[in-house]
Amino acid sequence: MGEQKVSLVDDQQQMERFVRYLLNDVKALEYMLDNDWFESDITRIGAEQEMCLVFNKTHKPAPIAVEALERMQDLEWAGTELARFNLEINLSPLEFKGSCLRELENETLERLRIMSERLDPLDASIILIGILPTLQKSDLEMHNLTPVKRYFALMEALNRQLKGSSYELHLNGIDELHLRHQSPLLEASNTSFQVHLQVAPKDFVKMYNISQALAAPVLAMGANSPIVYGKRLWHESRIALFQQAIDTRTSKEHMRDQSPRVSFGNGWLDGSIMEIYKEDIARFRVLLAADVEENSLESIANGEVPSLRALQVHNSTVYRWNRPCYGISPNGKPHLRIENRVLPAGPTVIDEVANAAFWLGAMVGMADAVDDIREFLSFDDVTDNFTKASKFGIDSNFTWFKDRKVTATELVAKELLPIARAGLEKKGIDKKDIDRYLGIIEARAKLHTNGARWQLRAFTSLKNLVSREEAVAGITNATMKNQKLEKPIHTWELATMDDLNHYRPSKIRVEEFMETDLFTVQKDDIIELVAEMMDWRKIRYMPVEDTKGNLVGLITSRLLLRYFTQKNSPQGKDKSLVKDIMIQTPISISPNATIVEAMHTMRSNKLGCLPVVKNGELIGIITEMDFVRVAGRLIDQMEK
């Protein structure tokens with residue numbers, strides 16, 4: 051968001067005033083570009099580090115950002131993020147030369163170390179990861195919104211724009227995710243490492259188009275977000291999740307094109323950065339306003355550099371994966387930057403800086419290698435590559451120059467790494483640092499490994515031994531362990547059962563523990579069908595639901611035994627359907643209850659299973675065997 055002092059647009063007069071300032075900012079920016087006001091004799095880089103906070107014992111999201119920041123009031127570079135379980139640090143701008151990449155790594159590590167020390171009394175830790183594997187949909191309810199005015203304003207503004215009744219997520223990978231949510235706070239699932247590159251105005255069009263072309267291979271090598279709410283989805287699920295989380299559009303009977311506020315863009319940049327700003331104003335209504343005092347055109351007339359606050363506020367509510375940025379340098383001159391929002395957080399700081407080095411070097415190197423990248427790639431192919439990289443990560447196959455098909459690893463190893471090396475050498479980056487960071491990218495390509503591949507392999511391996519909930523806890527713990535050692539991802543061993551040694555399930559919610567792959571029947575089904583299904587699936591309990599998915603009954607193996615025993619007796623001769631023998635009002639439990647509450651309910655009522663129900667709808671089930679499995683894990687831990 052950037053701007054702290056923003057508000058909802060509550061009346062027509064406020065809207066008109068803000069839009070006039072916005073249009074003035076556009077004119078002022080055009081004037082400064084036309085009259086060469088911009089800094090162009092220096093290149094700087096910068097970055098923003100987003101992170102998740104997790105409790106040490108459970109590895110679950112720790113919604114303690116407000117309390118944490120109270121302990122960090124002296125750290126001007128530490129700030130809030132959208133959710134209470136996220137924080138962000140802003141890193142110092144550095145001139146793009148010499149040891150800047152090592153300085154970026156060292157500063158990031160030092161600031162994370164300081165923050166970690168302040169978190170120790172709260173029994174919480176930092177984890178760098180695109181999407182936290184232990185995150186659940188229930189963590190994204192509004193009570194976890196960071197209590198900052200601009201965040202409330204943004205949520206309400208998006209809700210006002212919502213065309214349908216809810217926000218929807220639809221993602222398919224190894225697993226499937228189809229769910230509705232009542233707020234755009236789903237956006238807070240994502241954390242990233244955003245890299246900035248200062249660009250001279252005369253080079254902006256060329257460099258921005260290169261950044262679009264490079265987005266796919268850079269993302270493919272750095273993907274680190276494959277698990278969402280316990281589901282294995284896209285290798286970089288952040289891309290689709292972010293777009294859908296704040297997508298206010300709804301399905302229509304017609305085919306009118308409407309752009310989402312999160313997008314890759316609609317075409318190449320042709321003449322100026324102004325094309326982006328003007329398109330975003332034309333396509334997207336103002337969401338938020340600010341109390342702008344500065345008349346940017348008057349500032350220009352007085353020879354002063356304006357802050358362009360209205361334009362900055364609007365730009366902060368349109369989320370391009372390569373975002374143009376305007377700023378004012380310490381010397382008072384305005385400058386332009388390209389913000390790379392593609393890269394996820396993690397897996398380690400050295401991996402993040404390697405991703406940044408690859409992108410920064412390739413940007414400079416590609417600018418030397420080609421005059422106009424549009425002559426070699428169509429925008430449709432670039433967009434398609436980006437979607438493929440989001441879905442398949444390092445496993446992607448791309449369309450590259452002159453319609454050539456190439457794998458991500460071959461493209462990076464044989465073509466882009468030499469270009470990136472040449473670019474870093476041109477900027478005078480220390481040779482040992484070039485070798486250090488690009489060597490990591492080269493090793494990923496050679497070993498076909500990145501954060502997403504590691505998570506998927508580790509999760510699948512663990513899931514064959516333990517529950518889904520335990521598997522995500524295991525890979526989260528293994529990730530934190532390797533991050534503390536600052537080991538690049540290509541050197542990591544897969545997570546093992548040992549990574550569950552500190553696992554403590556008492557605070558787990560039912561929704562994290564329940565089985566959601568359900569076999570159910572309806573009350574008018576014949577009893578013999580139920581018996582066969584339960585025998586086929588080796589299950590002892592069968593929920594009964596209506597056509598809307600609401601729980602209406604429960605069949606148990608004991609009820610079936612009684613039925614078949616009495617089938618030919620007077621008590622059983624009139625019974626043939628599920629409704630004749632089912633438990634009419636089975637005891638159920640909420641998905642937000644804890645595992646301890648579920649255990650108490652089952653023990654006190656002598657139950658073998660508990661259907662999980664929300665607003666009458668059956669969403670899962672837990673059985674006594676689930677508790678036997680957890681008890682077994684705890685006994686194993688005690689023995690170790």
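Residue 51 is where the sequence shown starts when you use this note's numbering, and the numbers rise one by one after that.
The beta-carbon is built from N, C-alpha and C at its ideal position, and this holds for glycine as well.
Subject >> For Trp371 and Leu79, the rounded distance between their alpha carbons >> reply: 22 Å
Subject >> Residues near Gly52 by beta carbon distance below 7 Å, same chain, minus five either side >> reply: Residue placement at Gly52 cannot be trusted, given a pLDDT of 46 that sits under 50; what the coordinates show is reported in the next sentence. Same-chain partners within the cutoff: Gln362 and Ser366.
Original post:
Apart from the five residues on each side of it in sequence, which residues of its chain come closer than 6 Å, Cβ to Cβ, to Gly129?
Top reply: Glu138
**OP:** Following the continuous beta strand (DSSP E) through Trp450, name the residue where it begins and the one where it ends.
**Re:** Asn447 to Trp450
Original post:
Straight-line CA distance for Met416 to Phe408?
Top reply: 12 Å
**OP:** Mark Ile671 as exposed unless 16 or more other C-beta atoms lie within 10 angstroms of its C-beta, in which case mark it buried.
**Re:** buried
Original post:
On the three-pair Cβ rule with 8 Å, is the stretch 639-650 touching the stretch 593-613?
Top reply: no
**OP:** Note down, in chain order, each residue of its chain lying with its Cβ closer than 6 Å to the Cβ of Arg152, except the 5 sequence neighbours on either side.
**Re:** Asp483
Original post:
So what does DSSP say about Lys629, is it helix, strand or coil?
Top reply: helix
**OP:** Report the partner residues of Arg370 according to the DSSP bridge assignment.
**Re:** Ser313
Original post:
Is Asp75 closer than 7 Å to Ala360 when the C-beta atoms are compared?
Top reply: yes
Subject >> Backbone secondary structure at Tyr279 - three-state DSSP >> reply: coil
Original post:
Would Cys102 pass as a contact of Thr241 if the rule is Cβ separation under 7 Å?
Top reply: yes
Original post:
Counting only runs that start and end within the stretch 101-184, where is the beta strand (DSSP E) found for 3 or more residues in a row?
Top reply: 128-130, 136-140 and 174-177
Original post:
Taking the alpha-carbon positions, what's the Gln734 to Leu159 distance?
Top reply: Within the shown structure, residues of the chain are numbered from 51 to 690, placing residue 734 beyond reach of any answer.
**OP:** Could you check what DSSP says for Thr455 in three-state terms: helix, strand or coil?
**Re:** Note that residue 455 is Lys in the sequence shown here, rather than Thr. DSSP places Lys455 in strand when its eight states are reduced to three.
**OP:** Count the CB pairs spanning the stretch 205-222 and the stretch 112-131 that are closer than 8 Å, and state whether there are at least three.
**Re:** no
Subject >> Nearest-angstrom beta carbon gap, Met547 and Leu515 [assumed within contact, 8 Å] >> reply: 6 Å
Original post:
Would you report the Cα separation of Gly666 and Asn600, rounded to the nearest angstrom?
Top reply: 5 Å
**OP:** Starting from the Cα of Gly396, find the closest Cα among Arg507, Ala263, Val312 and Asn500 and give me that residue.
**Re:** Asn500
Original post:
For Gly443, does the count of other Cβ atoms within 10 angstroms reach 16, so buried, or fall short, so exposed?
Top reply: buried
Original post:
Are the beta-carbon atoms of Phe68 and Ala502 separated by less than 7 Å?
Top reply: no
**OP:** Using three-state DSSP, classify Lys656 as helix, strand or coil.
**Re:** coil
Original post:
Are there 16 or more other CB atoms within 10 angstroms of the CB of Asp485, so buried, or fewer, so exposed?
Top reply: exposed
**OP:** Tell me whether Ser511 counts as near the ligand NAP, meaning its Cβ is closer than 6 Å to at least one heavy atom of that ligand.
**Re:** Annotation note on the ligand NAP: not contained in the displayed structure, which lists no ligands.
Original post:
Going by alpha carbons, who is nearest to Lys281 out of Ala266, Ile224 and Lys328?
Top reply: Ile224
Subject >> Own chain residues within Cβ distance below 7 Å of Val403, not counting five before or after >> reply: Leu151, Leu154, Glu155 and Tyr487
Subject >> Bounding residues of the beta strand (DSSP E) (the contiguous stretch that carries Ser57) >> reply: Val56 to Leu58
Subject >> Secondary structure, alpha helix (DSSP H): runs of 4+ residues fully inside the stretch 329-393 >> reply: 346-351 and 359-365
**OP:** Look at the alpha carbon of Ile637 and the alpha carbon of Met649, and state the distance between them as a whole number of angstroms.
**Re:** 13 Å
Original post:
Taking the DSSP output, what are the residues bridged to Arg608?
Top reply: Paired residues: none, contrary to the question.
**OP:** Following the continuous alpha helix (DSSP H) through Ile484, name the residue where it begins and the one where it ends.
**Re:** Lys481 to Leu497
**OP:** Would you kindly check if the distance between the Cβ of Arg230 and the Cβ of Ser216 is under 7 Å?
**Re:** yes
**OP:** Measure the beta-carbon distance from Ile490 to Leu467 and round it to whole angstroms, keeping in mind my assumption that it falls under 8 Å.
**Re:** Actually they do not touch by this definition, with Cβ atoms about 11 Å apart.
Original post:
In angstroms, rounded to a whole number, what distance separates the CA positions of Leu474 and Arg424?
Top reply: 23 Å
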